[in-house]
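Read in order, the letters of the sequence shown correspond to residues 1 to 295 in full-length UniProt numbering. Have a look at the structure below before the remarks.
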Amino acid sequence: MTTGRRSLAISRALLWPALIVAILLTQIPLVATLFYSFQEWNLLRPGQRGFVGFDNYAKVLSDGSFLSSLGNTVLVTGSAVVGATVLGLLFALLLDRKFLGQSVARTLMITPFLVMPAAAALIWKWSILDFTYGMANWGLSLVGLPPVAWNTEMPAATVIMVLIWQFTPFAMLILLAGLQSQPREVLEAAGVDGAGPFRTFTWITLPHLRQYVEITVLLATILLLQVFDPVAIMTKGTGGSKTLSYLLYERAFIGLEVGEAAAYGVMTVIVTIAVAMVALRTLFKVFSEEGLMNR
1 MTTGRRSLAI SRALLWPALI VAILLTQIPL VATLFYSFQE WNLLRPGQRG FVGFDNYAKV
61 LSDGSFLSSL GNTVLVTGSA VVGATVLGLL FALLLDRKFL GQSVARTLMI TPFLVMPAAA
121 ALIWKWSILD FTYGMANWGL SLVGLPPVAW NTEMPAATVI MVLIWQFTPF AMLILLAGLQ
181 SQPREVLEAA GVDGAGPFRT FTWITLPHLR QYVEITVLLA TILLLQVFDP VAIMTKGTGG
241 SKTLSYLLYE RAFIGLEVGE AAAYGVMTVI VTIAVAMVAL RTLFKVFSEE GLMNR
């Protein structure tokens, strides 16, 4: 065996442990979920377990809760993605300038994205949006406005606010990278030709950022489709905030309907995979146009 082939064999052998772990952690649970989705299995009636074919999927598709939760998921995800992208663009424009403390400002802006989702939901629920002690109502009292029961009166809006707060840094990082990849010569030439900041942004910067905005929207959508922590901790799925992930949780851990919950899980995975396929196709297109791929 030549040295090159020996090195290749060693490289492949080193990949096997990681590949085996990945299969154990992803594919086996997926196969188990598919299997259970064809079973009638309620943990309160373990003796009545049996194969029911596509009955669980028929229940899911005919259940008004599924369509309602799907609509809520689209609303929460879409609103959070749009809000995070717009705010991320604004902060990226601010941080794409030289000023004292720029590195510190960038680090602080990234912090919300590093906070664990459950911790972020608890912080917002008790420290910011609590009816009695929350900072939001304290701020309203300073201007003479009555307190608001955020978590009960507008639960969907509170979940969206938390998600926007968490994912704005994610959008900002991608869009800031796009801003810094602009050819400075083009911007300087636009200034020499008399184009003001607004025209330069509208006709040069914004078209340049189009692909970065697409990447931001698609990746954030994939991440937010499976949002669970803010819904479970802050609203318990009330007031139009019940997403597909929380509905799955209710069926599995409250209703104890394992088979039906597995069917909900499979449907959620199908929706996520569909979005991921669009995202990957767009990413490959962007990379090929930027010359980052050989083929």
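Don't be surprised by glycine CBs; every beta carbon is placed ideally from N, CA and C.
| Query | Result |
| --- | --- |
| With three or more C-beta pairs closer than 8 Å as the rule, is the region 157-165 touching the region 73-86? | yes |
| Do you know how far the Cα of residue 98 is from the Cα of residue 108? | 16 Å |
| Distance, Cα to Cα, residue 292 vs residue 76? | Here residue 292 scores only 44 on pLDDT, less than 50, and its place in the model is too uncertain to base an answer on. |
| Would you call the region 30-37 and the region 262-275 in contact, with 3 or more CB pairs under 8 Å? | yes |
| What residue does the alpha helix (DSSP H) around residue 55 start on, and which one ends it? | 55-62 |
| Run the CB neighbour count on residue 231, radius 10 Å, all protein chains shown included, and call it buried at 16 or more, exposed below. | buried |
| Find out if the Cβ-Cβ distance for the pair residue 151, residue 243 is shorter than 8 Å. | no |
| Can you tell me whether residue 233 is buried or exposed? The criterion is at least 16 other CB atoms within 10 Å of its CB, across all chains shown. | buried |
| Among the candidates 123, 139, 92, whose CA atom is the shortest distance from the CA of residue 158? | 123 |
| Just mark residue 172 as buried or exposed, buried being the case when its beta carbon has 16 or more other beta carbons within 10 Å. | buried |
| Can you list, in chain order, the stretches of the alpha helix (DSSP H) that have 4 or more residues and sit fully within the region 108-158? | 117-122, 135-142, 150-153 |
| Would you mind sorting residue 13 into buried or exposed? The rule is 16 or more other CB atoms within 10 Å of its CB. | exposed |
| If we ignore side chains and look at the alpha-carbon of each, how far apart do residue 198 and residue 218 end up? | 27 Å |
| Measuring straight from C-alpha to C-alpha, what distance separates residue 113 and residue 88? | 12 Å |
| Tell me, which residues are paired with residue 39 by DSSP? | 51 |
| Got a sec? Which residues, its chain only, sit under 6 Å from residue 179 by beta carbon, not counting five neighbours each side? | 92, 96 |
| Contact between the region 48-57 and the region 122-136 is defined here as three or more beta-carbon pairs at a separation below 8 Å; is this criterion met? | no |
| Who are residue 257's beta bridge partners in DSSP? | 42 |
| What whole-angstrom Cβ distance do residue 118 and residue 239 have, given they're in contact under 8 Å? | 20 Å between Cβ atoms; not a contact. |
| Have a look at 25, 24, 57 and flag the residue whose alpha-carbon is nearest the alpha-carbon of residue 259. | 57 |
| Just reading off the alpha helix (DSSP H) that residue 214 is part of, what are its end residues? | 206-224 |
| Please classify residue 125 as buried or exposed, where buried requires at least 16 neighbouring CB atoms within 10 angstroms. | buried |
| Out of 262, 205, 280, 94, state which residue places its alpha-carbon closest to the alpha-carbon of residue 40. | 262 |
| Using only alpha-carbon positions, find the residue among 104, 227, 121, 221 that is nearest to residue 278. | 221 |
| Can you give me the Cβ contacts of residue 34 inside the same chain, cut-off strictly under 8 Å, excluding the 5 residues immediately before and after it? | 262, 266 |
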